[in-house]
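When the sequence shown is numbered by the UniProt record's numbering, its final residue is 611 and no position is left out of the sequence of numbers. Reading through the structure tokens given below for one structure.
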Amino acid sequence: EKGGYEHFMMKEIFEQPRSILDSMRGRLELEAGHLNMGGVRAYERKFVTADRIIIVACGTSWHAGLVAEYLLEDLARIPVEVEYASEFRYRNPIITERDIVIAISQSGETADTLAAIELAKSKGATIFGICNVVGSSIARATDAGAYTHAGPEIGVASTKAFTAQVTVLTLLAMIVGHKRGTLSDTKLRELMMELSNIPSKVEKALLLNTEIEQMAEIFKDVSNFLYLGRGYNFPVALEGALKLKEISYIHAEGYPAAEMKHGPIALIDENMPVVVIATKDSSYEKVVSNIQEVKARKGRIIAVVTEGDDVIPQMAEFVIEVPATSEVLTPLVSVVPLQLLSYHIAVLRGCNVDQPRNLAKSVTVE
Ligand code: F6R
Numbered sequence: 246e247k248g249g250y251e252h253f254m255m256k257e258i259f260e261q262p263r264s265i266l267d268s269m270r271g272r273l274e275l276e277a278g279h280l281n282m283g284g285v286r287a288y289e290r291k292f293v294t295a296d297r298i299i300i301v302a303c304g305t306s307w308h309a310g311l312v313a314e315y316l317l318e319d320l321a322r323i324p325v326e327v328e329y330a331s332e333f334r335y336r337n338p339i340i341t342e343r344d345i346v347i348a349i350s351q352s353g354e355t356a357d358t359l360a361a362i363e364l365a366k367s368k369g370a371t372i373f374g375i376c377n378v379v380g381s382s383i384a385r386a387t388d389a390g391a392y393t394h395a396g397p398e399i400g401v402a403s404t405k406a407f408t409a410q411v412t413v414l415t416l417l418a419m420i421v422g423h424k425r426g427t428l429s430d431t432k433l434r435e436l437m438m439e440l441s442n443i444p445s446k447v448e449k450a451l452l453l454n455t456e457i458e459q460m461a462e463i464f465k466d467v468s469n470f471l472y473l474g475r476g477y478n479f480p481v482a483l484e485g486a487l488k489l490k491e492i493s494y495i496h497a498e499g500y501p502a503a504e505m506k507h508g509p510i511a512l513i514d515e516n517m518p519v520v521v522i523a524t525k526d527s528s529y530e531k532v533v534s535n536i537q538e539v540k541a542r543k544g545r546i547i548a549v550v551t552e553g554d555d556v557i558p559q560m561a562e563f564v565i566e567v568p569a570t571s572e573v574l575t576p577l578v579s580v581v582p583l584q585l586l587s588y589h590i591a592v593l594r595g596c597n598v599d600q601p602r603n604l605a606k607s608v609t610v611e
């Protein structure tokens with residue numbers, strides 16, 4: 246059942262080239278040059294004229310929502326707000342009929358997300374669901390939606406569901422952006438091409454496994470970790486930290502790299518490992534300066550960089566090279582080594598990675 250892997254989590258991490266492909270199947274038609282999403286078609290006008298999109302989710306799905314904020318604002322120029330479902334539902338939020346609420350949930354059973362949907366529905370918003378489990382409560386409560394088709398996710402720590410969510414949200418942003426005229430034919434075509442290359446780039450990132458396992462050996466006994474990223478890699482930093490804390494029980498925090506100087510920098514000394522996601526994108530130069538700031542305080546830098554980077558390897562203690570891709574697609578590749586790092590650290594610490602203490606696969610209580 247674990248397909249030869251020791252844990253479901255590992256199996257699911259390694260399934261990602263396939264699950265990402267499955268989440269695009271029938272939706273991205275490269276030859277024909279078009280994108281289809283059944284659930285979007287009937288609500289196309291709504292998406293094109295929406296004043297605003299509100300995304301509600303919890304945990305890892307909320308991180309996918311943060312990536313979607315960047316995607317939808319970049320590609321479709323629609324203002325987006327990303328909300329923790331639990332906070333949104335209790336603060337008398339302003340919602341109108343011209344809003345679209347996107348609910349993201351692997352299980353489709355998360356109580357807070359479901360309650361947020363019911364609230365938004367009562368105010369007349371259109372609800373679009375992105376779920377992995379077919380026929381789940383959230384899938385049934387929405388007006389329309391798209392399944393992620395990642396296949397069953399058994400490990401409590403979400404991995405392939407996250408990359409499938411991000412893939413579906415990318416397709417959505419591309420479709421809506423193209424319809425709104427904010428994403429040109431040429432740019433759309435380029436992104437379609439690059440998205441279709443993602444499964445093989447993820448495959449390549451998975452080849453880092455042995456190297457990351459060795460790194461895990463070095464860091465397995467530390468008690469804190471900091472994760473930094475900017476732009477599209479900011480949500481990835483949060484996700485990397487969440488993965489580590491939930492399965493290895495090491496305290497970890499994710500931060501937007503530029504916020505470091507507003508507080509967390511005080512934590513940095515020679516005992517603090519700092520994972521910096523520093524791929525070649527529009528914030529690269531700035532992230533390089535953030536690395537310098539960490540280095541000046543003797544922090545131990547583990548940098549996730551784009552293949553061929555020749556600057557950061559001179560500054561970081563460890564470097565993890567991932568394949569280059571389009572900036573908007575970066576999270577799909579850069580999250581992979583972070584999943585592997587937390588997996589190996591947790592295994593080396595003797596933790597039950599598939600069923601971490603105090604956690605359940607779906608949180609059906611508020
Ligand atoms: C993290 C994790 C949780 C879930 C969260 C939402 O690895 O698994 O943070 O992401 O409980 O669950 P869903 O997506 O099922 O609504």
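Every residue, glycine too, gets a C-beta built ideally from N, C-alpha and C.
Counting only the same chain and skipping the five closest in sequence on each side, list residues whose C-beta sits under 6 Å from that of residue i.
i: Asn-377; result: Gln-351, Thr-393, Ala-395, Ala-406
i: Ser-429; result: none
i: Ala-309; result: Ile-349, Phe-407, Gln-410, Val-411
i: Gly-374; result: Ala-348, Ile-383, Ala-384, Thr-387, Gly-390
i: Phe-563; result: Met-460, Ile-547
i: Glu-342; result: Gly-369
DSSP three-state label for residue i, please.
i: Asn-535; result: helix
i: Tyr-588; result: helix
i: Glu-498; result: strand
i: Ala-370; result: coil
i: Pro-518; result: strand
i: Ile-345; result: strand
i: Gly-396; result: coil
i: Arg-425; result: helix
i: Ile-389; result: Correcting the residue type first, residue 389 is Ala in the shown sequence and not Ile. Strand, per DSSP.
i: Ser-468; result: coil
i: Gly-474; result: strand
i: Arg-286; result: helix
i: Glu-326; result: strand
i: Val-301; result: strand
i: His-279; result: strand
i: Glu-611; result: coil
i: Ile-339; result: coil
i: Thr-551; result: strand
i: Leu-440; result: helix
i: Val-556; result: coil
i: Glu-491; result: helix
If you drop the 5 nearest sequence neighbours on each side, which residues of the same chain put their C-beta closer than 8 Å to that of residue i?
i: Ala-503; result: Arg-475, Lys-531, Asn-535
i: Glu-552; result: Glu-566, Val-567, Pro-568, Ala-569
i: Ile-443; result: Ile-265, Thr-412, Thr-570, Leu-574, Leu-577, Val-578
Are there any heavy atoms of ligand 1 lying less than 7 Å away from the beta-carbon of residue i, as far as the coordinates show?
i: Thr-358; result: yes
i: Glu-491; result: yes
i: Leu-487; result: yes
i: Gln-351; result: yes
i: Gly-426; result: no
i: Val-521; result: no
i: Ser-441; result: no
i: Gly-304; result: yes
i: Val-346; result: no
i: Thr-355; result: yes
i: Ser-579; result: no
i: Val-608; result: yes
i: Val-301; result: no
i: Ala-402; result: yes
Report back the beta-carbon spacing between residue i and residue j to the nearest angstrom; my notes put them in contact at under 8 Å.
i: Ile-590; j: Ser-493; result: 5 Å
i: Val-481; j: Pro-576; result: 5 Å
i: Val-325; j: Tyr-477; result: Not a contact, Cβ separation roughly 14 Å.
i: Val-346; j: Ile-362; result: 7 Å
i: Asp-526; j: Glu-484; result: About 17 Å; that fails the 8 Å criterion.
i: Glu-491; j: Ile-510; result: Not quite, the Cβ-Cβ distance comes to about 25 Å (not below 8 Å), so this is no contact.
i: Ser-381; j: Leu-273; result: About 24 Å; that fails the 8 Å criterion.
For residue i, which residues of its own chain have a beta-carbon under 7 Å away from its beta-carbon, when the five flanking residues on both sides are left out?
i: Met-254; result: Gly-400, Ala-402, Thr-404, Tyr-588, Val-598, Asp-599
i: Gly-422; result: Leu-320, Ala-321, Leu-428
Does the beta carbon of residue i sit closer than 8 Å to a beta carbon anywhere in chain B?
i: Val-592; result: Checking the listed chains, one finds no chain B in this structure; it contains a single protein chain.
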